[in-house]
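Student: For the first sequence, full-length UniProt numbering gives the first residue as 1, with consecutive numbering after it.
Below is the structure I would like to discuss, written out as structure tokens.
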Amino acid sequence: MDRFLVKPDQGDLRAAGEEPVPSGGASGGQPNPNWRHLRAQGLNCDYTILFGKAEADEIFRELEQKVEYFTGALAKVQVFGKWHNVPRKQATYGDAGLTYTFSGLTLTPKPWIPVLERVRDRVCRVTGQSFNFVLINRYKDGCDHIGEHRDDERELAPGSPIASVSFGACRDFLFRHKDSRGKRPQRTMEAVRLQLAHGSLLMMNHPTNTHWYHSLPIRKKVLAPRVNLTFRKILPTEK
DNA sequence: TGGGGCGCAGCGCG
DNA sequence: GCGCGCTGCGCCCC
């Protein structure tokens, strides 16, 4: 019954005006973006528009041309013993020498390509954070989605944020506290909903991912594609 | 104007 | 972190 306990005009916090960058980085001569701060118990996120429409359009077009997505076994997932095609497309890019685990396999990301470096470098400049890896999810329309999950923290640098940059169709994005899920929730915590717009950046700061699940729910009225880049700091591979 | 039907969204379950 | 089936709700139409 947590049918959007946060109404759009509550979850969709007002612009916060000119403020310092959220994590103490230098902005390198760029004007500070207008951050909107999302805060709840254990939830610490910051949202801004990172790219204006013209630049976002250009990046989106290039992503659509250049990104190579997984096919075959890597485009499938096993849940409760049954294999399914994931309801979206996925790809990974990152620094040479990194490895990560995906669908139970140890993989190496593809090397960076210019359009991804461009977005990564803008995120780094605006946040002062560095990232060595990006997971790309492409949702062809509102039927493509991702279910509630937390990102696997075992491979992430402890306390490092995840930077989520969106292009294309605007989609709802949902946070739900881990203790407020299921038939008999231990606590009643309001879900937090926001919309991820074309050219936007959502910083998911520590400890958000420890306490809150997130999802991109089905929205049948959305007909256009969305490409999402989540930049991460992955721990170097153990020798 | 109101009620029925339909489609969407959320949730429990495996 | 998947799809299915069920349910509730809101909106549209007559």
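Glycine included, C-beta positions come from ideal geometry on N, C-alpha and C.
What span of residues does the beta strand (DSSP E) with residue 227 cover, start to end?
Tutor: Within the first sequence, residue 227 is the residue found at index 227, counting from 1. First-last of the beta strand (DSSP E) with residue 227: 226–232.
Student: Output the boundary residues of the alpha helix (DSSP H) element that contains residue 54.
Tutor: As a working mapping, residue 54 is identified with position 54 in the first sequence. Element bounds for residue 54: 53–66.
Student: Taking the continuous beta strand (DSSP E) assigned at residue 37, which residues delimit it?
Tutor: Translated into positions along the first sequence, residue 37 becomes position 37. Per DSSP, residue 37 belongs to the beta strand (DSSP E) from 36–40.
Student: Three-state secondary structure (DSSP) at residue 76?
Tutor: Taking the first sequence and counting its residues from 1, one reaches residue 76 at position 76. Three-state result, residue 76: strand.
Student: Drop a sphere of 10 angstroms on the beta-carbon of residue 91, count the other beta-carbons inside from all chains shown, and report buried for 16 or more, exposed for fewer.
Tutor: Within the first sequence, the letter at position 91 stands for residue 91. Buried, because 16 or more other Cβ atoms sit within 10 Å of the Cβ of residue 91.
Student: Within the continuous beta strand (DSSP E) that includes residue 116, where are the two ends?
Tutor: By one-based count along the first sequence, residue 116 stands at place 116. Element bounds for residue 116: not the beta strand (DSSP E) but the alpha helix (DSSP H), 114–127.
Student: Could you round the C-beta distance between residue 234 and residue 156 to whole angstroms and report it? I think they count as a contact, below 8 Å.
Tutor: Within the first sequence, residue 234 is the residue found at index 234, counting from 1. Within the first sequence, residue 156 is the residue found at index 156, counting from 1. The Cβ separation is near 7 Å, so the contact holds.
Student: Terminal residues of the continuous beta strand (DSSP E) containing residue 145?
Tutor: For the purposes of this step, residue 145 is identified with residue 145 of the first sequence, where counting begins at 1. Counting along the chain, residue 145 falls outside any beta strand (DSSP E), and DSSP gives it neither H nor E.
Student: Work out the CA separation of residue 81 and residue 205 for me, nearest whole Å.
Tutor: Along the first sequence, one-based indexing puts residue 205 at 205. Along the first sequence, one-based indexing puts residue 81 at 81. Computed Cα separation, rounded: 33 Å.
Student: Taking 8 Å as the cut-off, decide whether the C-beta atoms of residue 126 and residue 229 are in contact.
Tutor: On the first sequence, residue 126 is found 126 positions in, with the first residue counted as 1. On the first sequence, residue 229 is found 229 positions in, with the first residue counted as 1. Their beta carbons are not under 8 Å apart, which means residue 126 does not touch residue 229 by this criterion.
Student: Would you mind sorting residue 48 into buried or exposed? The rule is 16 or more other CB atoms within 10 Å of its CB.
Tutor: Within the first sequence, the letter at position 48 stands for residue 48. Buried is the call here.
Student: Could you round the C-beta distance between residue 175 and residue 216 to whole angstroms and report it? I think they count as a contact, below 8 Å.
Tutor: As a first step, residue 175 is located in the first sequence; it is residue number 175 there, counting from the start. As a first step, residue 216 is located in the first sequence; it is residue number 216 there, counting from the start. Actually they do not touch by this definition, with Cβ atoms about 11 Å apart.
Student: Could you tell me whether the segment 97–116 touches the segment 132–140, where touching means 3 or more Cβ pairs closer than 8 Å?
Tutor: Touching, yes, given that three or more Cβ pairs across the two stretches are closer than 8 Å.
Student: In or out: residue 24 buried (at least 16 other Cβ within 10 Å) or exposed?
Tutor: The residue given as residue 24 occupies position 24 in the first sequence. Since pLDDT at residue 24 reaches only 43, below the 50 mark, its modelled position is unreliable, and the value read off the structure follows with that caveat. Answer is exposed; the Cβ neighbour count stays below 16.
Student: Mind checking who residue 204 pairs with in its DSSP beta bridge?
Tutor: Position 204 of the first sequence, counted from the first residue, corresponds to residue 204. Its beta-bridge partners are 45 and 162.
Student: Is the CB-CB distance between residue 226 and residue 169 below 8 Å?
Tutor: The count along the first sequence starts at 1 and reaches residue 226 at position 226. The count along the first sequence starts at 1 and reaches residue 169 at position 169. Against a cut-off of 8 Å, the Cβ pair of residue 169 and residue 226 comes out as a contact.
Student: Express the C-alpha separation of residue 63 and residue 79 in angstroms, rounding to a whole number.
Tutor: As a working note, residue 79 is residue 79 in the first sequence. As a working note, residue 63 is residue 63 in the first sequence. So the two alpha carbons sit approximately 30 Å from each other.
Student: Does the contact criterion of 3 or more C-beta pairs under 8 Å hold for the segment 200–214 versus the segment 63–74?
Tutor: Result no; under three Cβ-Cβ pairs closer than 8 Å.
Student: In whole angstroms, what separates the C-alpha of residue 101 from that of residue 237?
Tutor: Residue mapping note: residue 101 aligns to position 101 of the first sequence, counting from 1. Residue mapping note: residue 237 aligns to position 237 of the first sequence, counting from 1. Distance between the alpha carbons of residue 101 and residue 237 is about 11 Å.
Student: Mapping the DSSP letters down to three states, classify residue 92 as helix, strand or coil.
Tutor: To locate residue 92, count along the first sequence from 1; it is residue 92. It is a strand residue.
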